[in-house]
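Numbering (numbering that gives the first Met the number 0), first residue to last: 0 to 149. From the three backbone atoms N, C-alpha and C, an ideal C-beta is built for every residue, glycine too.
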Amino acid sequence: MPERDPAGRPRGCTCFRLRRTARQITRLYDAHLGPAGLTLTQYSLLSTLVLAFDEPPTVHALAAILGMDRTTLTRTLKPLAGAGLLALEAGDDRRRRQVTLTAAGRAAFAKGKPLWRRAQDEVLARLGGARVADLHRLLDESFATLAEAG
């Protein structure tokens, strides 16, 4: 149990703890995804394009589902577009750009999927299924609550 201050609040920075844990888990996933030439961020983006959209999304829609700001997302998209894994195209309105997954992007996702599964299985083995389920629930609830306040 974390230490508490005299007012009963947990001591320490919540953001620091969350980011420290995120960096540790990102290193684990990146190590597994390395043979596919992908980072976790890149694989997650490709996965979202494959699994969450029937039609090419706008940068804005993709940023919303990933919980990223558009500027950060654009910086993440550029190397993937440069590698030919996706294309950024003008949408119906020239101010809106759509993100289209290419055949090479689908192949990269397919190559990364079993590697991601191994990373996921390692996290489950190290933390335990109940803890991972609790973590998912807590993170999803926290994200929703913070997004509402947002």
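Three-way DSSP call (helix, strand, coil) for T38 in this model:
coil
Less than 8 Å between C-beta atoms, sequence neighbours within five positions excluded: which residues of the same chain meet that for R95?
T57, V58, H59, A89
A21: buried (16+ other C-beta within 10 angstroms of its C-beta) or exposed?
exposed
Which of helix, strand or coil does DSSP assign to P9?
Residue state, collapsed to three classes: strand.
Would you mind stating whether V98 and L76 have Cβ atoms separated by less than 9 Å?
yes
What does the alpha-carbon distance come out to for the pair A30 and G7?
39 Å
Checking the sheet assignment: what are the DSSP bridge partners for T57?
Q97
Buried or exposed, going by whether 16 or more other CB atoms sit within 10 Å of the CB of A107?
Taking every protein chain shown into account, the CB of A107 has 16 or more other CB atoms within 10 angstroms, so this residue is buried.
According to DSSP, simplified to helix, strand and coil, what is L114?
helix
Report, in whole angstroms, the separation of the C-beta atoms of G83 and T101, which I expect to be a contact under 8 Å.
6 Å
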